[in-house]
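Just so we're on the same page, our numbering is the position in the sequence shown counted from 1, plus 77. Glycine included, each C-beta is placed from N, C-alpha and C at the ideal position. In this text the structure is predicted, and so the values were computed from the model without any measurement. First up is the structure itself, then whatever we jot down about it.
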Amino acid sequence: MVNLKEVEYNESLIKLQEILESEKEISPEGNDYSKSNYYCEGILENADTQVDIDGFGQLEFPCQEKQLKMLIEKLGIRAPYGKGGETITDLSVRKVWQIPADQINLNHPTWPKTVDTILNKLKNELGVFDEKIQANLYKMLIYDQGGFFLPHTDSEKEHRMFGTLVIVLPSSHKGGDLIIKHGNKSVTLNLENDQLNQLKYSSFYSDCQHEVKPITSGYRVCLVYNLIKTGKRMLEENEINGGDRKERKLNGEFRNNDQENETVEFLEREINQQLKNSNKLVYVFNHHYTNAQRTFEDLRGKDKLIVEKLMAIKDRCKFILYLAELKLIENSFGEFNEEDTSMGYEEIGVEIGETQVQKFTDINGKQWNVKRLNVDIKKEIFPKDCFNTIESYKIAASGPTGNEGSTEDRFYKTTALVIIKSQDKVNTVIKDGTKDDIPMVVLSDIVLPMIENYSKTNDTDTKECAQIIIDQYFNHPKIKPTLTISKQLRSTIKKYCPSQEKALFVELIKSYQNHQKEFYINIEKIINYFTKEQILNIVKKPIPYDYSNHKPNAKTNNILTAFKNLIKIITNSNNKIDNKIDNQVIQEFIDSNIEFFKPKVPIPNIKSSYNNYQQFQTNNFPSVLIQHYPEYIKIFKDSINHSLSFELPLDSLVTLNNFCKLFDDQPQEINQQLDREKEKIDIIYHQIISNNLKDYLAIDSPQDSCSIDQLYRNWEQLVYPIKDTKVFQKLFFESLIYSNTNIQVILDFIQRIFEGYDNEGANNNTTKVLVDENKLNIEAFTVLYETTLTNYIESITKPTLKNYKYNPITECVCDICKSLNRFMKDHKRTTYSTEITDIGKKNYISKLLDSNNNILQYTNRQKKYSTPGGHNIEKKFNPTTFIHPDDFVKAVEKIKTLVQEFKTILPNQCSSYTIKTIEQFLNNSDKILKNSKTIIPSIKIKKKKIKKMKK
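See below:
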């Protein structure tokens, strides 16, 4: 368990990291990065400044407090800040006034030169060197006393913006230090400026976090500029290969210095060695870039130095550079402290989850058509400690569930440089990319370069050019065939060899023969493109299969899928297909995969194995199999007999019998071969039931101890069609009648039997089916049914039927006694205890209970700790001596349902006297309910009395 900042580092990359990051080295461009930084500051003396503001006038310098107050009052706007996609004004985050840029006029003739002077100084300090840059005025900010801005990072306000410039105008003030942070570095700048002709300035990269501390006195006035790159200064291919520098670069010469030549040779040797150990390297940049800034032109400082060094040797070392977004997930798991809940969530451990690079851009600004590549964070990422300063951009928490723990996923992303060997691009995608990316990369990185090279000396609209596509694309082992030509491939064909499109489509279909799984899945659609001889060659090849995990109907079972599709074709009336897929093809397929077709009944997973073999019953599977594999039945019998040599439970015996039934639809001579095995299973089953009959009966079972699921499971095993099954059922039903099993459980059991026949009827597309007399002991079941319903009717009519609708708490409109209110509504509860934390509430409830002493009695409970105690409340009657009308109605509805089911499924058993008596009760149930009386008087308390109680 490691977190992101403690991830194991590939120590073999340290040497490569050191030489790449060495700031003492001058880059191949001749730029000295040793003095570059993430910020710069400076002072300009004798700077002439003139600021005119539309609608106000000219500012005086040093700025005067009175004039600034007037400016704020007339034109000042509270400066907002960005949060996500919103722009917010919150004085607890940012307290400063702003004047928009379009109202500011910098009219002094020397001002452009002043800005250029500042830009020339900051270019070297920020490592921008001879990039073409400009400063665009963004706004004027006025910090009065107490003004500040909490830590934040500037957003990209203009295209190719890379930083911010702040020029502080002469204005007397104290405080307001500017704190700039980048990674684990931090600097504090004092921008106080009260000199008449002096300007203080500071600039920093836009990914730097910065903060303005509160102004303690006076006013600060500053101009804020967006720093923009306007010129393309990135090292390009034509620069590498052109001019006087060509020889020096190809010879590894940054300058005419033997030591530096040695450094370059070491860099080449080291990076070649690392790319042998791994198919790619990922360097995490020092700076953070937005999606728009993720280009080689917009790299900053040390990041640019590293790229320039690699660019100088990339052709000799034959590797490719991509900028990409590195995205990773940190999975945290923990729990909530049960003893001290104030501590909240405690993190127990952290694991690094999915790590990928995506959104690739090459040196020409083109996107690489690869969605993403997986990255080995312990092997392929450097420099060391590169994740120490990265912050999560999203957190997804799950849980907690009660106090059982919680998980938290933290998502991170930053910009990285991906280094891949040129010849390993495709292999890298195959190993670490997605399946969808492989065809695109093969097309763009293998096929197209070969065609373009071929086109230099030959006409491309020929069979020879089309053969390149066939060999390199259609026959590529990692590209699965499709029934249509992709959009990208079609575009390539139309461009280079349009006359070969139809021939190439045929070759695309024929490439299915190299992919067994896809061939058999699509065989109906593609069969006409193959000859009989080609099909025989394909089916003679055995399909790989894991015989240690034999699942004949698993979705991933390629052999079963292939065989089913072959059977489907052979039974098809289409003559064009029939003459290609015939008995010879089926026989060859079975012979090549004979180990799979040998029947197996594994011990102990007999039931799951049967569920898998049920697939044999579809698509004429057994008939075709037995026709071409005559020994199948004999091997199957041997497998059944082997299973019977074990001591098997009842459900396994039932499953074995079902195995034998798989062949009931086969010719009689085949089906009869399994009769002996079926009889064997019956005898063993009978012996087990006889020896363990007590375990299946409900004799002397405690009340409520037998669940409906257990009851029905026992019944299912006794229903199995063996000799004496009706005798067993009679014993079972009689034991149920005389047992202490809850009557509701027995009713649910009867309902479950009815539902079984409902489902059977649904499977046969009918509403109901009659009970099979050979399966169910109808006479014994009818006795159970009549006895249970009679006892149930007695149980709901023997108690006095009374209305139970009193609720004094609700009628008193008491909001403090909701639990007492529930107690009064529940006719099954007779006692209740309260625990009151307030003496006023206790007195109020006591008076309420006193006013209802005709139905309630109570005693006061002793005080506990600092609480006033509570009440022990008891009802003066036994609620169980009567039934609530609502419960009576529900019971009647249940009886009606059971009677209707019985009439439908067993119509010949509905003429008995007991059944007629039950029907008579149902007809009179409404009268019984209507004649019920109320034994509890309604209780009402006047509203005035309630108000007095509350006081």
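Spatial distance of residue i from residue j (CA atoms)
{"i": "D375", "j": "I305", "result": "10 Å"}
{"i": "I920", "j": "R906", "result": "The question names Ile, but residue 920 in the sequence shown is Asn. Spanning the two alpha carbons is a distance of roughly 24 Å."}
{"i": "R332", "j": "E345", "result": "For R332, the predicted structure reports a pLDDT of 44, less than 50, and the residue's modelled location is therefore unreliable. The matter cannot be settled from this model."}
{"i": "K455", "j": "E85", "result": "6 Å"}
{"i": "K498", "j": "Y158", "result": "44 Å"}
{"i": "I390", "j": "F343", "result": "11 Å"}
{"i": "Q500", "j": "E347", "result": "18 Å"}
{"i": "N656", "j": "P558", "result": "25 Å"}
{"i": "E706", "j": "L721", "result": "Before going on, a small fix: residue 706 reads as Tyr here, not Glu. Taking the straight line joining both Cα atoms gives about 24 Å."}
{"i": "C542", "j": "I528", "result": "7 Å"}
{"i": "K290", "j": "Q222", "result": "11 Å"}
{"i": "R310", "j": "N552", "result": "The predicted model places R310 with a pLDDT of 45, which falls under 50 and marks its position as unreliable; any figure quoted below should be read in that light. Using only the alpha carbons, I get a separation of about 43 Å."}
{"i": "Q828", "j": "D786", "result": "12 Å"}
{"i": "E871", "j": "Q997", "result": "14 Å"}
{"i": "A369", "j": "L121", "result": "34 Å"}
{"i": "K203", "j": "Y573", "result": "According to the sequence shown, residue 203 is Leu rather than Lys. The straight-line gap from Cα to Cα measures roughly 48 Å."}
{"i": "K251", "j": "T164", "result": "29 Å"}
{"i": "I620", "j": "S700", "result": "22 Å"}
{"i": "K967", "j": "T818", "result": "21 Å"}
{"i": "L352", "j": "Y622", "result": "36 Å"}
{"i": "Y990", "j": "D728", "result": "39 Å"}
{"i": "C463", "j": "K357", "result": "17 Å"}
For residue i, the first and last residue of its enclosing alpha helix (DSSP H)
{"i": "K967", "result": "962-982"}
{"i": "V519", "result": "514-519"}
{"i": "G240", "result": "No alpha helix (DSSP H) holds G240; the beta strand (DSSP E) holding it covers 238-245."}
{"i": "V298", "result": "Taken as a continuous stretch (DSSP letters only), V298 belongs to no alpha helix (DSSP H), being part of the beta strand (DSSP E) at 297-306."}
{"i": "P526", "result": "525-532"}
{"i": "G378", "result": "378-394"}
{"i": "T867", "result": "855-874"}
{"i": "T638", "result": "635-647"}
{"i": "Q94", "result": "91-98"}
{"i": "G917", "result": "916-927"}
Proximity below 8 Å, CB of residue i to CB of residue j
{"i": "I292", "j": "Y220", "result": "yes"}
{"i": "L861", "j": "I814", "result": "yes"}
{"i": "G119", "j": "Y278", "result": "yes"}
{"i": "F459", "j": "L90", "result": "yes"}
{"i": "F666", "j": "L643", "result": "yes"}
{"i": "L266", "j": "D284", "result": "no"}
{"i": "I995", "j": "V976", "result": "yes"}
{"i": "L730", "j": "I761", "result": "yes"}
{"i": "L494", "j": "V384", "result": "yes"}
{"i": "E485", "j": "S409", "result": "yes"}
{"i": "E288", "j": "P247", "result": "no"}
{"i": "L168", "j": "S280", "result": "no"}
Collapsed DSSP secondary structure at residue i in the structure displayed
{"i": "Y606", "result": "helix"}
{"i": "K572", "result": "helix"}
{"i": "R753", "result": "helix"}
{"i": "V616", "result": "helix"}
{"i": "V447", "result": "coil"}
{"i": "G134", "result": "strand"}
{"i": "G430", "result": "strand"}
{"i": "H250", "result": "strand"}
{"i": "P228", "result": "strand"}
{"i": "V359", "result": "strand"}
{"i": "C140", "result": "strand"}
{"i": "T438", "result": "strand"}
{"i": "Y282", "result": "strand"}
{"i": "H705", "result": "helix"}
{"i": "Q127", "result": "coil"}
Element boundaries [beta strand (DSSP E), containing residue i]
{"i": "G204", "result": "That residue, G204, is in no beta strand (DSSP E); it is neither H nor E in DSSP."}
{"i": "N182", "result": "181-183"}
{"i": "A212", "result": "210-220"}
{"i": "P264", "result": "According to the sequence displayed, residue 264 carries Val and not Pro. Unbroken beta strand (DSSP E) run through V264: 262-266."}
Distance cut-off 7 Å: residue i Cβ against heavy atoms of the ligand ADP
{"i": "I671", "result": "The ligand ADP is absent from the structure shown, which contains no ligand whatsoever."}
Validate contact between the segment 188-196 and the segment 353-364 using beta carbons, cut 8 Å, 3 pairs: no
Inter-stretch contact (C-beta, 8 Å, three-pair minimum) for the segment 398-405 and the segment 124-143: Verdict: no, contact absent.
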